[in-house]
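Respectively, the protein sequence lines represent chains A and B.
With the first sequence counted from 1, adding 329 to any position gets you this note's numbering.
With the second sequence counted from 1, adding 909 to any position gets you this note's numbering.
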Amino acid sequence: MALLPLISINMEQKKTQESWFAQPLSFLSDGFQSLFSGLSLGVRGTTSEYVNLLNIKKDNARLQSELAEIKTRLKLFDESQIEIARLKNILDFQKNTKMELLPAQVIGRDMLPDHKTITINKGRKDGLKHLQAVITVSGAVGYIFRPSEHTSHVMLITDRYSVFDAMIQKTRARGIIEGTSKDGGILQYIDRTEDVKTGDIIVTGGLDNIFPKGFPLAVVTDVERKTKSASLVVNIKPIIESNKIEEVFVVIDAAHEDFFPETTTAAVTKPEGNN
Amino acid sequence: MSRSSILLILKLVIFTLVFYAFCAFQTSFWPFVLGSFPAPQLWLIMVVFVALKWPSVRAVFFVYFLGLIMTRYSYIPLKMAWTSLVALILFVWFFKNRIHSTSLFYFSILTTSGSLFYAIAYITISRWLEPNPTPIFFLHRLLEMGCNFLFSIPIYKFLDFIDQRFESNPSWGPTSTDHASEVES
């Protein structure tokens, strides 16, 4: 018994060589250690994942809220950019024209589908009168037919009661535009020998004393050549979509300003055309 | 001035203001919120209500007055407004005198069929009276009728509430003392 410690001291001196009987013990201990180490790693991992998950949930909620806020701001920013571009366009138009214009906002539309009128927020107190032209940057809208003290009603060119002097920009052929109360109108009294094609631009004729001459009105959508008629039936579509108008100008004084073809064509092709 | 006269005047004033509000809702609120989707004709629902619930003479004159207000919200000529509204009143009276029902569903059906009749009457009268008659706008009018059906229920409740509040002789109210003594004797 007294020799056992001496033997063990002797064994410690040979650390580099594991004795044959210790090897399986070490193998088992290693195995168990690895197993439990892996297990502990797994448990720790799962626990930390769970804890992280709780944090992620919180973070996710916070980030989603931030993202929603940023998205809203971005939308507002985009909307502001569009509005700025549109207002800049309007302002440029007002600066560059000789005409005396009064800006107005559309505040109402006709109650019945049978008529095409709009209501603007300027009236007699702002100097508006019956039969004054209402235009936008892109083209003619209509004319004032019932000015009241603070608001005015505007008859659009698509109303079936409206009639305008007009001419085809390319050929200078004159005719009369009549609304149909749908989204278009008819250009009448154009001689059947005239060369009118789909896509031709129709401008104001200037003889009705409402609009300045040469302002864009509509685009030709279809031409009917009836055999028994001396004139063509030209279907037109207004350049301005009446249900998208937000801001308009009332022409207080046209100052005898006529629009040249280049000017009108440029105005027609502007993308933010409807306002 | 008697209490019943005051109540009647108040009722007429309030119904007029409500009519203005209905027209403004249709022309200045709905198109800017829902775009070109057809708006419910709240004014038409009110005309049907007045024709159905009010005494004949009062209803006719009030509807004429409403027609005058309508011309402030549209380019509709007065002749078109009045003739089409009278046609609508006659349509409502035709059913009022034949079908006696106080149900809400009856009112909704009457409003929807009234809308259909109004559209047909308007197109017909337009072809008769106007040099440039109105288009049919089939889908638009059909959607309007659908909206009228849906909106007729809350509008009826609302108008009936006002109508009852300013009624001098409520039809289902407590028996008056005069009438009670008359019955006892």
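The beta carbon of each residue, even a glycine, is placed where N, CA and C say it ideally should be.
For the stretch 934 to 950 of chain B, which residues have a beta carbon sitting closer than 8 Å to at least one beta carbon of chain A?
-> Q935, T936, S937, P940, G944, S945, P947
Straight-line gap, F931 (chain B) to L951 (chain B) (C-alpha atoms, nearest Å) | 6 Å
Step through the CB atoms of chain C and report whether any lies within less than 8 Å of the CB of T509 (chain A).
-> This model lacks chain C altogether, as its protein chains are A and B.
Could you tell me which chain A residues have their CB closer than 7 Å to the CB of Y984 (chain B), listed as they occur along the chain?
-> D439, H444, T446, M484, D488, Y490
Can you have a look at T992 (chain B) and say buried or exposed, based on whether 16 or more other CB atoms are within 10 angstroms of its CB?
-> buried
What's the C-alpha gap between L416 (chain A) and Q461 (chain A)?
-> 22 Å
Just mark F958 (chain B) as buried or exposed, buried being the case when its beta carbon has 16 or more other beta carbons within 10 Å.
-> buried
Work out the CA separation of V483 (chain A) and G543 (chain A) for me, nearest whole Å.
-> 21 Å
Expressed to the nearest angstrom, what Euclidean distance is found between the alpha-carbon atoms of I1062 (chain B) and S1017 (chain B)?
-> 6 Å
Report all residues from its chain with a CB closer than 6 Å to the CB of A595 (chain A); omit the five preceding and five following residues, and keep chain order.
-> Note that A595 (chain A) scores a pLDDT of 42, beneath 50, so its modelled location is shaky; the value from the coordinates is reported in the next line. So no residue of the chain qualifies.
Hey, could you find the ends of the alpha helix (DSSP H) G976 (chain B) is sitting in?
-> 965 to 982
Quick one: which residues of the stretch 1041 to 1061 of chain B get their C-beta closer than 9 Å to a C-beta of chain A? List them in chain order.
-> N1041, P1042, T1043, P1044, F1046, H1049, R1050, E1053
Residues that M979 (chain B) contacts on chain A, provided the C-beta gap is smaller than 8 Å | M440
Would you mind telling me which residues of chain B sit closer than 9 Å to N572 (chain A), beta carbon to beta carbon, in chain order?
-> P940, G944, S945
Examine the Cβ distances between the stretch 936 to 950 of chain B and the stretch 1057 to 1075 of chain B and report whether three or more of them are shorter than 8 Å.
-> yes
Would you kindly report the start and end of the unbroken alpha helix (DSSP H) that includes S560 (chain A)?
-> No alpha helix (DSSP H) holds S560 (chain A); the beta strand (DSSP E) holding it covers 560 to 567.
Distance between L396 (chain A) and D407 (chain A) (C-alpha atoms, nearest Å) | 16 Å
Roughly how many angstroms lie between the CA atoms of S1077 (chain B) and G452 (chain A), to the nearest whole one?
-> 42 Å
Please classify S571 (chain A): is it buried, with 16 or more other beta-carbons within 10 angstroms of its beta-carbon, or exposed?
-> buried
Local conformation of V372 (chain A) per DSSP, three classes | helix
Helix, strand or coil: which one does DSSP assign to L396 (chain A)?
-> helix
Going along the chain, which residues of its own chain have a beta-carbon closer than 8 Å to the beta-carbon of D582 (chain A), five neighbours each way excluded?
-> M428, E429
Mind checking which residues open and close the alpha helix (DSSP H) that includes T527 (chain A)?
-> Neither: T527 (chain A) is in no alpha helix (DSSP H) and is coded neither H nor E.
Element boundaries [alpha helix (DSSP H), containing V466 (chain A)] | Neither: V466 (chain A) is in no alpha helix (DSSP H) and is coded neither H nor E.
Fully enclosed by the stretch 410 to 444 of chain A, which beta strand (DSSP E) runs are 3 residues long or longer?
-> 429 to 438
Just reading off the alpha helix (DSSP H) that G1023 (chain B) is part of, what are its end residues?
-> 1013 to 1038
Going by Cα to Cα distance, which pick from A:P545, A:K386, A:I464 is closest to R501 (chain A)?
-> A:P545
May I ask you to report which of helix, strand or coil DSSP gives E1053 (chain B)?
-> helix
Nearest-angstrom Cα separation, counted from K499 (chain A) out to P590 (chain A) = Caution is warranted here: a pLDDT of 46 is assigned to P590 (chain A), below 50, making its placement in the model unreliable, and no coordinate value can be reported.
Closest Cβ-Cβ distance between I568 (chain A) and chain B: below 8 Å?
-> no
Give the interface partners of I436 (chain A) over in chain B, defined as CB-CB distance under 8 Å, in chain order.
-> S937
How would you write the range of the beta strand (DSSP E) that Y518 (chain A) sits in, first residue to last?
-> 514 to 520
Measuring CB to CB, does V563 (chain A) end up less than 8 Å from I530 (chain A)?
-> no
Assign N389 (chain A) to buried or exposed, taking buried as 16 or more other Cβ atoms, counted over all protein chains shown, within 10 Å of its Cβ.
-> exposed
Would you grab the beta carbon distance between T480 (chain A) and I519 (chain A) for me? Rounded to a whole angstrom, and I think it's under 8 Å.
-> Actually they do not touch by this definition, with Cβ atoms about 36 Å apart.
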